[in-house]
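All residue numbers for the sequence shown refer to the numbering used here, where the first residue is 642 and numbers rise by one. All C-beta atoms in this analysis are idealised placements derived from N, C-alpha and C, irrespective of residue type, glycine included. Given the structure is predicted, the values throughout are model-derived calculations rather than measurements. Accompanying notes for the structure given below.
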Amino acid sequence: MPLSAAQQQALQDAHKLLSDAGITTGLLDDIAAPPPSEPSVDSGFLALAYQPTEAIPFSASEISRSMHHLNRQTILTHIVEHPLGAIVEYPQTTANDHEAIVHWFVIDAQCFTHPKGNFQYSLGDSHGGHDNIKCGTLLIDKQGRPVPCNHLRTSCEHMAKLD
């Protein structure tokens, strides 16, 4: 993975600091950096350019293992997986109340932010939800046990039709 301009600068600064202190910088020399002429793209721009994939229905195998159960009351029909840092402008929804799409966001455990912040537009007040529930077989730990979850339902706060 290429280094960003900020990472390249930090690497150069660390190299100079260590060299000035008489410390070998061999490990830093092993880090490959792209040539300075390579344009860097701001991560905010990349987030705006993100286009999510279409929701994928749960497979027969996943359904047979109940992997489409969020909890005892909520059964999911489709899943959309989003990469780390993805900003979703218009999250895909279903046309009826008998289907439910789960939007699965990769999160950074070292720098956690709530995944609802990955939606670009304001979300309305909570319309329901529960804390400290178990997420069925959708989210499990390394031992195969359901992990604690918070179930939050929201809606779009504002909608406008532009002619």
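Rounded C-beta distance between I728 and A696? I'm assuming under 8 Å.
Actually they are not in contact, since the Cβ atoms of I728 and A696 sit about 18 Å apart, beyond 8 Å.
By the DSSP assignment, the beta strand (DSSP E) with I720 in it spans what residues?
Segment 719 to 723, the beta strand (DSSP E) holding I720.
Rounded to the nearest angstrom, what separates T694 and L711 at their Cα positions?
Near 21 Å, if we compare the C-alpha coordinates of L711 and T694.
Just the C-alpha distance for H723 and D661, rounded to the nearest angstrom, thanks.
The alpha-carbon atoms of H723 and D661 are separated by roughly 44 Å.
Ends of the beta strand (DSSP E) at I742?
I742 -> beta strand (DSSP E) spans 742 to 746.
Tell me the residue span of the alpha helix (DSSP H) that contains S700.
No alpha helix (DSSP H) holds S700; DSSP gives it neither H nor E.
Classify F753 as buried or exposed, calling it buried when 16 or more other Cβ atoms lie within 10 Å of its own Cβ.
Looking at its Cβ environment, which holds fewer than 16 other Cβ atoms inside 10 Å, F753 is exposed.
With distance defined between alpha-carbon atoms, name the residue in G726, S645, W745 nearest to Y691.
Nearest option by C-alpha distance: G726.
Do you know how far the Cα of S702 is from the Cα of Q784?
For Q784 and S702, the distance between alpha carbons rounds to 20 Å.
Per DSSP, which residues does H739 bridge with? Please list them.
Answer is none; H739 lacks a bridge partner.
Suppose you measure from the CA of H744 to the CA of V721; what does that come to, to the nearest Å?
Whole-angstrom Cα-Cα distance: 5 Å.
With distances taken Cα to Cα, identify the nearest neighbour of A736 among H709, Q653, T718, D654.
The shortest Cα separation from A736 among H709, Q653, T718, D654 belongs to T718.
Roughly how many angstroms lie between the CA atoms of I704 and R713, to the nearest whole one?
Going from the Cα of I704 to the Cα of R713 covers about 14 Å.
Mind checking H739: buried by the 16 CB within 10 Å criterion, or exposed?
Looking at its Cβ environment, which holds fewer than 16 other Cβ atoms inside 10 Å, H739 is exposed.
Using three-state DSSP, classify H710 as helix, strand or coil.
Here H710 sits in strand by DSSP.
Under 8 Å, do P756 and F746 count as touching if we go by C-beta distance?
Cβ atoms of P756 and F746: closer than 8 Å.
Using a Cβ-Cβ cut-off of 8 Å (strictly less than) and excluding sequence neighbours within five positions of H709, which residues of its own chain qualify?
Only F699, E703, I716, L717, T718, L779 meet the Cβ criterion.
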